[in-house]
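The block underneath contains the structure these notes are about, expressed in structure tokens.
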Amino acid sequence: MHYTHDDIMDRATDLGDRYRETVLVLEDGDTAESALSTKWCFGGPGTVRYLIHPSGWQVAPDDTISKRNY
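Throughout the sequence shown, residue numbering follows my numbering, covering 2 to 71 in sequence.
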């Protein structure tokens with residue numbers, strides 16, 4: 002499965018103070034938008050944590066997550 006920007010936003014949990022968080026658990030073969038570049042995405046297996054705020058996003062992938070070119 003590929004998780005798009007909209008999928009990440011739809012799964013976000015409100016943390017308060019305008020912060021939201023999405024944690025995606027990617028299986029082998031799954032991919033997710035990086036939110037850092039339009040040229041590559043994250044690939045599973047592993048977990049990617051997105052901390053979302055109007056001023057910007059913080060993205061924290063596990064060490065097992067790979068970077069895959071589109």
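Don't be surprised by glycine CBs; every beta carbon is placed ideally from N, CA and C.
Which residue comes first and which comes last in the alpha helix (DSSP H) that contains residue i?
| i | result |
| --- | --- |
| D7 | 6-11 |
Going by C-alpha distance, which of the options is nearest residue i?
| i | options | result |
| --- | --- | --- |
| T14 | T39, F43, D63, R50 | R50 |
| L16 | N70, D29, H54, S67 | H54 |
| F43 | M10, D7, D11, Y71 | Y71 |
Over what stretch of residues does the beta strand (DSSP E) that includes residue i continue unbroken?
| i | result |
| --- | --- |
| E28 | Taken as a continuous stretch (DSSP letters only), E28 belongs to no beta strand (DSSP E), as it is neither H nor E. |
| T32 | 32-34 |
| I15 | Correcting the residue identity first, residue 15 is Asp in this sequence and not Ile. Note, D15: beta strand (DSSP E), 14-17. |
| L37 | No beta strand (DSSP E) contains L37, which DSSP labels as neither H nor E. |
Tell me, to the nearest whole angstrom, how far the beta carbon of residue i is from that of residue j; I am working on the premise that it is less than 8 Å.
| i | j | result |
| --- | --- | --- |
| L37 | V60 | 6 Å |
| G45 | D31 | 4 Å |
Does any C-beta atom of chain C lie closer than 8 Å to the C-beta of residue i?
| i | result |
| --- | --- |
| H54 | The structure shown contains no chain C; it is built from a single protein chain. |
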